[in-house]
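Peer 1:
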Amino acid sequence: MKLKQEKEKLSLLKNMIRTEQDALDIKRLVWKKHGVVGEFEICNQYSYNHLDLNVLLLDLGIFHQNTYIKGEELSEEEKEKLKCHNIPEKYFLKYTANKDIREQISVSHFNTSMNDFGLTRKVGLWRESYNKYEILNSSWEKEKVRTLTSYNGMLEKKITISGGTLSIVESPIRYRTDMVVDILGLETTLKKARVDPNKLVEFTARGFLRTKELNSFRKIIAVNRRYLLMTFHKEMSKKEYWHHKLTKLSKLSQK
16 MKLKQEKEKL SLLKNMIRTE QDALDIKRLV WKKHGVVGEF EICNQYSYNH
66 LDLNVLLLDL GIFHQNTYIK GEELSEEEKE KLKCHNIPEK YFLKYTANKD
116 IREQISVSHF NTSMNDFGLT RKVGLWRESY NKYEILNSSW EKEKVRTLTS
166 YNGMLEKKIT ISGGTLSIVE SPIRYRTDMV VDILGLETTL KKARVDPNKL
216 VEFTARGFLR TKELNSFRKI IAVNRRYLLM TFHKEMSKKE YWHHKLTKLS
266 KLSQK
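Sequential numbering of the sequence shown, starting at 16, is according to our numbering.
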């Protein structure tokens with residue numbers, strides 16, 4: 016319950032802070048006292064012509080490295096075929112709060128107590144809630160690992176606990192195309208496969224295909240404005256990740 020409460024508080028406070036920062040028309044704000052950064056980012060959202068691009072990737076010999084198949088897009092007959100070939104399944108632990116708890120963690124009672132606070136105070140409250148959430152979430156992740164480790168095949172069996180129920184459910188499956196092509200056939204695999212945009216960036220940097228060529232198989236369908244609210248530590252991790260990624264892509268482009 017406490018974990019979900021903090022999650023709701025974080026979401027509510029982030030939306031409030033975003034609204035106020037947006038009204039100030041400032042792309043990036045830093046609150047040194049609380050070790051927090053608020054920043055807007057622009058992200059392009061693409062729609063892909065998956066089939067034609069898949070055919071090109073196959074011709075280039077990089078189809079399997081850049082694609083996957085969503086389990087929900089397969090027919091029941093196709094899923095049964097894959098079950099017979101021991102394609103591994105994955106599970107996750109799901110918590111469902113009961114009605115009383117859902118009412119208790121409703122964000123409505125947070126609204127009235129925070130609306131009158133200034134922006135800096137809201138950021139301070141967000142940081143306090145973030146610290147609590149990190150501790151609670153760490154404990155929850157350990158509990159999930161412990162429960163899944165002792166999982167004995169009781170899929171979808173619900174366990175009643177204080178405040179709700181726990182159940183082990185099957186994760187949405189993503190199949191590697193190289194593992195299913197011989198089972199489903201090449202034609203079906205090409206039709207069902209979806210490209211992985213992150214992998215495509217890497218293979219474009221390595222010179223397997225040009226950006227102009229890739230753009231002929233995709234189009235921008237939306238330009239999204241995303242808001243990031245993060246601690247200094249999270250921002251540093253983000254910068255290190257992108258530095259590592261760009262360095263890797265630069266080295267690949269020189270090969």
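We treat Cβ as the ideally placed atom computed from N, Cα and C, and that holds for glycine.
1. In this structure, how does DSSP classify residue 221 when only helix, strand and coil are distinguished?
2. From residue 33 to residue 192, what does the alpha carbon distance come to, in whole angstroms?
3. Going by DSSP in three states, residue 42 sits in which element: helix, strand or coil?
4. For the candidate residues 135, 23, 250 and 224, whose alpha-carbon lies nearest to that of residue 76?
5. Is it the case that the region 234 to 248 contacts the region 45 to 60, given that we only count it when at least three CB pairs across the two stretches are under 8 Å?
6. Does DSSP put residue 47 in a helix, a strand or coil?
7. Looking only at C-alpha atoms, which of 140, 256, 197 and 226 sits nearest to residue 100?
8. The alpha helix (DSSP H) with residue 96 in it runs from where to where?
9. Who are the near neighbours of residue 82 in its chain, counting only those whose CB is closer than 6 Å to its CB and skipping five residues on each side?
10. So, do the region 247 to 265 and the region 83 to 96 have three or more beta carbon pairs nearer to each other than 8 Å?
11. Between the region 23 to 33 and the region 198 to 205, do three or more beta carbon pairs fall short of 8 Å?
12. Helix, strand or coil, according to DSSP, for residue 109 in the structure here?
13. Answer with buried or exposed for residue 62, where buried requires no fewer than 16 other C-beta atoms within 10 angstroms of its C-beta.
14. With a threshold of 7 Å, establish whether the CB of residue 33 neighbours any heavy atom of the ligand ADP.
15. Can you give me the start and stop residues for the alpha helix (DSSP H) that residue 198 sits inside?
16. Which residues mark the beginning and the end of the alpha helix (DSSP H) in which residue 88 is found?
Peer 2: Reading off the structure:
1. coil
2. 40 Å
3. For residue 42, the three-state secondary structure derived from DSSP is coil.
4. 224
5. yes
6. In this structure, DSSP gives residue 47 a helical state, which the three-state scheme calls helix.
7. Out of 140, 256, 197 and 226, 197 has the C-alpha closest to the C-alpha of residue 100.
8. It spans 91 to 99 - the alpha helix (DSSP H) in which residue 96 sits, taken as one unbroken run.
9. 192, 208 and 210
10. no
11. no
12. strand
13. exposed
14. The model on display carries no ligand, and the ligand ADP is accordingly not part of it.
15. 192 to 199
16. For residue 88, there is no enclosing alpha helix (DSSP H), as DSSP gives it neither H nor E.
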